[in-house]
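With this note's numbering applied, the sequence shown corresponds to residues 15 to 338, in that order. Heads up: the structure comes next, in structure tokens.
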Amino acid sequence: MSGLLQGKVAIVTGSGQGIGRDVAVCLAEHGAKVITNNRKPGSSLDAFEKTEIPFTDEERAALESVKGDAKTTADRIVAAGGEAVPFFGDVGDFASAGRMVQTAIDSFGRIDIIVNNASSNWVGNIADMDEELWDISVVSKLKGAFNLIHHALPHMKAQGYGRILNSSSDAFLGLQGYAAYGAANAGIVALTKAAAGDLRGTGITVNAYTPLAKTRAWYNAAATYRMQGVPAEMIEAGAPEAMKRTAEGMVPFLAYLASDDAAAISGNLFKLAADGEIGLWSQPEVVRQITTDADAWAIDVLRERVPGELMAGLSNDEGILPVR
């Protein structure tokens, strides 16, 4: 393809399969040398941690067709004429993240691009969540992003160039059943905006994106709905169009953000969908307020004005939202 990223070196975490694999392959196609990554050789059919789904033969075959690990992705890049080195290790572990960055330096002499794509997820009611289930989502996604940023920044600052791309999710809005995962992804948005400000003027940009495409998680979600008695045609009809397509067509936008051309773009949250949509999320803003001239709010005034003005016409009943 193009030489857009010629001479650049990238790390893509969680790039053994799914969107991460497509990102790694795309960056390589545009000239980047890539460190591919997942926790250990091989992969599981289960997208949701601590959750076992009895897949049908058809579902199992579909999942087998999309599974892979850091080595299979690196092999694919090399077979196409690119350069890639696999790294097996958990980015949620601080020392492991440091070794991943050092692998890029030892293999290719520099690190220019990091794509914090890795994540783990447990889906369920917060009343059933314990510390381990919380950590499954928060450590891999949020701490993992910090770990890699921390270890890569000294090299990026020394060379005056860096592109940090953080994968978030629309779960940051607070989707039912995704308390920990949503919190981790909301943290990614805040981390991105704060880091972009901290690094302004250094040649390093930081952006985040919420991807939506057909991945292993979609197959797991469809199997879960099937187990709940939802007909296959209803599952297909209810899925967003982007979840019916794989990610190859949407990831070139990330290659663009990683390039010299995007030097002025930092601190943003983008929506990225496999059906062709690229969007820019709005900045949060106060949409309604009440004020008082008194020194302190009186409870009887709040009882009247909160439901009558501040919360008028609003409902907290959002219903059950689909598995992402």
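The beta carbon of each residue, even a glycine, is placed where N, CA and C say it ideally should be.
Worksheet item: How many angstroms separate the CA atom of ALA237 from the CA atom of ASP142?
Response: 21 Å
Worksheet item: How would you write the range of the alpha helix (DSSP H) that LYS85 sits in, first residue to last?
Response: 84-93
Discussion item. What does the alpha-carbon distance come out to for the pair GLY215 and ILE178?
Written reply: 14 Å
Item to complete: May I ask you to list the residues that DSSP assigns as paired with LYS47?
Response: VAL23
Worksheet entry | Reduced DSSP category for ALA111 - H, G, I as helix; E, B as strand; rest coil | helix
Discussion item. Less than 8 Å between the C-beta atoms of SER154 and SER134, yes or no?
Written reply: yes
Fill in: Proximity to VAL92 [Cα-Cα], best of ALA277, ARG319 and ILE49
ILE49
Fill in: Rounded Cβ spacing between GLY45 and LEU18 (contact assumed at less than 8 Å)
6 Å
Worksheet item: Tell me which same chain residues have a C-beta within less than 8 Å of the C-beta of LEU268, skipping the five on either side of it?
Response: VAL37, CYS40, LEU41, VAL129, LEU179, TYR223 and LEU286
Worksheet item: Would you report the Cα separation of GLY293 and GLU323, rounded to the nearest angstrom?
Response: 32 Å
Item to complete: Could you tell me the boundaries of the beta strand (DSSP E) in which ALA98 lies?
Response: 98-102
Discussion item. Let me make sure I understand the geometry here. Which of ILE67, PHE69, ASP307 and ALA84 has the alpha-carbon closest to that of THR27?
Written reply: ALA84
Worksheet entry | Reduced DSSP category for ARG259 - H, G, I as helix; E, B as strand; rest coil | coil
Fill in: Straight-line gap, GLY263 to SER16 (C-alpha atoms, nearest Å)
15 Å
Worksheet item: What three-state label does DSSP hand PHE284 in the structure shown?
Response: strand
Discussion item. I believe ALA6 touches ALA235 by the beta-carbon criterion, under 8 Å. Please report the beta-carbon distance rounded to the nearest angstrom.
Written reply: Nothing about residue 6 can be reported from this structure: the residues present for the chain run from 15 to 338 only.
Fill in: Close-in-space but distant-in-sequence residues of the same chain around LEU271 (CB under 7 Å, 5 per side omitted)
ARG177, LEU179, ASN221 and ILE279
Practice prompt. Within 10 angstroms of the Cβ of VAL137, are there 16 or more other Cβ atoms? Answer buried if so, exposed if not.
Written response: buried
Worksheet entry | Nearest-angstrom Cβ-Cβ length linking ALA88 and VAL105, presumed shorter than 8 Å | 16 Å between Cβ atoms; not a contact.
Worksheet item: DSSP state of SER151, grouped into three classes?
Response: helix
Practice prompt. Could you check the C-alpha separation between GLY96 and GLY243 for me, to the nearest Å?
Written response: 46 Å
Item to complete: Kindly give me the distance between the Cβ atoms of ASN161 and SER182, rounded to whole angstroms, as I take these residues to be in contact under 8 Å.
Response: The Cβ separation is near 17 Å, so there is no contact.
Fill in: Whole-angstrom distance between GLU299 and LEU316, CA atom to CA atom
22 Å
Worksheet item: Shortest alpha-carbon distance to THR306 belongs to which of PRO225, ARG113 and ARG319?
Response: ARG319
Discussion item. With distance defined between alpha-carbon atoms, name the residue in TYR192, MET241 and PRO254 nearest to ILE150.
Written reply: TYR192
Worksheet entry | 8 Å contact criterion, which ASN51 and GLY103 should meet: CB distance rounded | 7 Å
Worksheet item: Between GLN2 and TYR195, what straight-line distance do the alpha-carbon atoms span, to the nearest angstrom?
Response: With the chain covering 15 to 338 only, the question about residue 2 has no answer from this structure.
Worksheet entry | Reduced DSSP secondary structure (H/G/I, E/B, other) of VAL300 | coil
Item to complete: Output the distance between the C-alpha atoms of ALA98 and LYS22, rounded to the nearest integer angstrom.
Response: 12 Å
Worksheet item: Can you name the residues that DSSP bridges to ARG319?
Response: For ARG319, which the question treats as bridged, DSSP gives no partner whatsoever.
Discussion item. Quick check on this structure: which residue in ARG259, ALA276 and LEU187 has the alpha carbon closest to the alpha carbon of SER296?
Written reply: LEU187
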